[in-house]
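Working notes, structure below.
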Amino acid sequence: GMALHAAKLIWDNLAESVNGEPGEEKTRAQEKMHNAATMAGMAFGSAFLGMCHGMAHTIGALCHVAHGRTNSILLPYVIRYNGSIPEEPTSWPKYNKYIAPERYQEIAKNLGVNPGKTPAEGVENLAKAVEDYRDNKLGMNKSFKECGVDEDYYWSIIDQIGMRAYEDQCAPANPRIPQIEDMKDIAIAAYYGVSQEEGHKLRVQRQGEAATEEASERV
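Spelled out as structure tokens, the structure:
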């Protein structure tokens, strides 16, 4: 309820509040963004956060990238990750079956995004819509490389990213248990702006097959 309403307010008003011409319309959009931020805070005070924020805390701190910008780069990856059926759900599952794909489909419908005929379609449509909103309506960076993060430095901290994100207080509340190797793959993918599968391949090329054997079985 509250989280969905906050998401809708953000979806409808963020672009205007950032890029709109000075005037009454932009002021109204900014007011609604303040309301949305408050509502979202109340919602995650109850439901907590997840893997996206856990990774954003870590990458933002190590690479000095603003938290909102870091989240915007990671969010489509996490939508797709959580929107696929895992071998293991969260440590304390609330439901008898994994329902994150259906929830993402519901979010897509609530935002006016095509929810698709299946939850899987809804997940992908939502992830693509978030990417389009970020890239075209807001004009934000698509990758950490575009943010100016040094490539060699980023590779040197990839193990820290995986471990620190796994240990972040947000990780246990993720719909599925975030695997360290998967988060490394996503972190590499998010550096270059490629898919998680491509991020995994880049890690294998750089670090060797043995270092990513567990993740390769799940990609």
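Sequence positions in the sequence shown follow our numbering and run 0 to 218. Virtual Cβ for every residue (Gly too), placed ideally from N, Cα, C.
Problem set entry | Stretch pair the region 40 to 50 + the region 143 to 151: three plus CB contacts closer than 8 Å | The region 40 to 50 makes no contact with the region 143 to 151: fewer than 3 CB pairs, one atom from each, lie closer than 8 Å.
For this session: For Tyr165, collect the residues of the same chain with a Cβ closer than 6 Å to its Cβ; drop the 5 residues on either side in sequence, then sort them by chain order.
Result: Non-local beta-carbon contacts of Tyr165 in its own chain, meaning distances under 6 Å to residues more than five positions away in sequence, involve Ile179 in chain order.
Exercise. Would Gly22 be called buried (16 or more neighbouring beta carbons within 10 Å of its own) or exposed?
Worked result: So Gly22 counts as exposed.
For this session: Express the C-alpha separation of Pro177 and Ala128 in angstroms, rounding to a whole number.
Result: Taking the straight line from one Cα to the other gives about 23 Å.
For this session: Determine contact between the region 60 to 75 and the region 151 to 166, defined as no fewer than three beta-carbon pairs at a distance below 8 Å.
Result: Segment contact: the region 60 to 75 against the region 151 to 166, three or more CB-CB distances shorter than 8 Å; contact assigned.
Problem set entry | Proximal residues to Leu8 (C-beta, below 6 Å), its chain only, five neighbours per side dropped | Apart from sequence neighbours up to five positions away, the residues of its chain that approach Leu8 with a beta-carbon distance below 6 Å are Lys31, Ala35, ordered along the chain.
Exercise. Do Gln168 and Tyr80 come within 8 Å of each other at the CB atom, strictly closer than that value?
Worked result: No, the pair does not count as a contact, with Cβ atoms beyond the cut-off.
Exercise. So what does DSSP say about Gly53, is it helix, strand or coil?
Worked result: It is helical.
Exercise. Where does Cys169 sit, in a helix, a strand or coil, going by DSSP?
Worked result: Three-state result, Cys169: coil.
For this session: Helix, strand or coil for Leu137, going by three-state DSSP, please let me know.
Result: DSSP places Leu137 outside both helix and strand once states are collapsed to three, so it counts as coil.
Exercise. Of all Cβ atoms in chain B, is any one closer than 8 Å to the Cβ of Met182?
Worked result: The chain inventory of the structure shown lacks chain B, comprising one protein chain alone.
Exercise. Are Ala5 and Ala39 closer than 8 Å when you measure CB to CB?
Worked result: Their beta carbons are under 8 Å apart, which means Ala5 touches Ala39 by this criterion.
Exercise. So what does DSSP say about Phe305, is it helix, strand or coil?
Worked result: Since the first residue of the chain shown is 0 and the last is 218, residue 305 is not available in this structure.
For this session: Jot down the residue ranges of each uninterrupted alpha helix (DSSP H) in the region 16 to 76, minimum 4 residues, whole runs only, in chain order.
Result: For the region 16 to 76, the continuous alpha helix (DSSP H) assignments of 4+ residues that do not extend past its boundaries occur at 23 to 46, 50 to 62, in sequence order.
For this session: Just confirm the distance between the C-beta atoms of Trp10 and Leu73, as a whole number of angstroms; I'd bet it's less than 8 Å.
Result: In this structure Trp10 does not touch Leu73 by the C-beta definition: roughly 18 Å separates them, more than the 8 Å allowed.
Problem set entry | C-beta contact flag for Leu13 and Ile78 at 8 Å | Taking a C-beta distance under 8 Å as the contact criterion, Leu13 and Ile78 do not qualify as a contact pair.
For this session: Hey, could you find the ends of the alpha helix (DSSP H) Ile106 is sitting in?
Result: Looking at the DSSP string, the run of the alpha helix (DSSP H) that includes Ile106 is 99 to 110.
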